[in-house]
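Chemist:
In UniProt numbering, the protein residues as written are 1 to 275.
1. Which of helix, strand or coil does DSSP assign to residue 49?
2. Distance, Cα to Cα, residue 249 vs residue 175?
3. My parser needs the beta strand (DSSP E) runs of 3 or more residues fully inside the segment 70-148; what are they?
4. Just to confirm my understanding: we take residue 44, look at its own chain, exclude 5 residues before and 5 after, and list those with CB closer than 8 Å. What are they?
5. When we look at the beta-carbon of residue 136 and count the other beta-carbons within 10 Å, is it buried (16 or more) or exposed?
6. Whose C-alpha, out of 64, 46, 42, 58, is nearest the C-alpha of residue 16?
7. Looking only at its chain, what residues have a beta carbon closer than 7 Å to the beta carbon of residue 133, apart from the 5 residues adjacent to it on each side?
8. Looking only at its chain, what residues have a beta carbon closer than 6 Å to the beta carbon of residue 104, apart from the 5 residues adjacent to it on each side?
9. Quick one, are the C-beta atoms of residue 216 and residue 13 less than 8 Å apart?
10. CB-CB under 6 Å to residue 121, same chain, minus the five flanking residues each way: which ones, in chain order?
11. Helix, strand or coil, according to DSSP, for residue 194 in the structure here?
12. Could you give the first and the last residue of the continuous beta strand (DSSP E) run that contains residue 266?
13. Closest by CA to residue 230, which one among 203, 220, 213, 258?
14. Can you tell which of 219, 183, 209 has its C-alpha closest to the C-alpha of residue 197?
15. Would residue 139 and residue 166 qualify as a contact pair, given that the criterion is a beta-carbon distance under 8 Å?
16. How long is the line joining the alpha carbons of residue 74 and residue 34, rounded to whole angstroms?
17. Suppose the cutoff is 8 Å on Cβ atoms and the five residues either side in sequence are ignored; what does the same chain contact list for residue 183 look like?
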């Protein structure tokens, strides 16, 4: 794919990076850290948040460390993926079941959160509730104490209501991936945009949001709360950038979604990090 030319500084807050020594298969395509870096450069993306994919691993210590190693001397910002014993809950029955669930050996602990937070290689956290559950109250308290941004994969298995009950009332910034509607659930995306009026530290990430009207609505109503995400390697970053460039919004709002908003939430994405 030809190199994409545009005048914006673009940073990416949602990209998965393989932890295998060889390559990772995503949608039938093999990709390495070097290829991911090349594709980001082709798309004009200067820095990218990267994290390991969710999977059957019993814990994410090794994958997280692998991502951190592969981020050295690359324009990558490593986030640590974490898991928990709590399941998505919106009903009283679900909350009661969560109350009696205990953390197991492979679940993230408060001490793990502190180690990641004070390791200069990591700049935030990622949660996939549908695969890995939610952290328990003690781990959430540790996340509040370290006050780093948390990216959460939103969708049919992590609805806006469930996110509001578990994460959004906490004091750390929460970036809801895919506008909270993966896979392509328009109603959930609309509900998640509504949450921005209620929760000041809630932000939305754009990967796999294929509906122009929802992207434009969020940028028009909450221009400071939308962050660009490529969804690489499942989606080529060129495609993700073009989807934003073709929106019918002002240039100022494009600057906001491509870099200004993310740099305010994630310090390591700032312009000074490019040098």
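In this text, a Cβ means the ideal position worked out from N, Cα and C, and glycines have one as well.
Modeler: Here's the rundown:
1. strand
2. 22 Å
3. 76-82, 122-127
4. 3, 4, 5, 6, 8, 10, 241
5. buried
6. 64
7. 83, 84, 85, 86, 87
8. none
9. no
10. 68, 78
11. helix
12. From DSSP, residue 266 is part of no beta strand (DSSP E); its letter is neither H nor E.
13. 258
14. 219
15. no
16. 9 Å
17. 155, 156, 208
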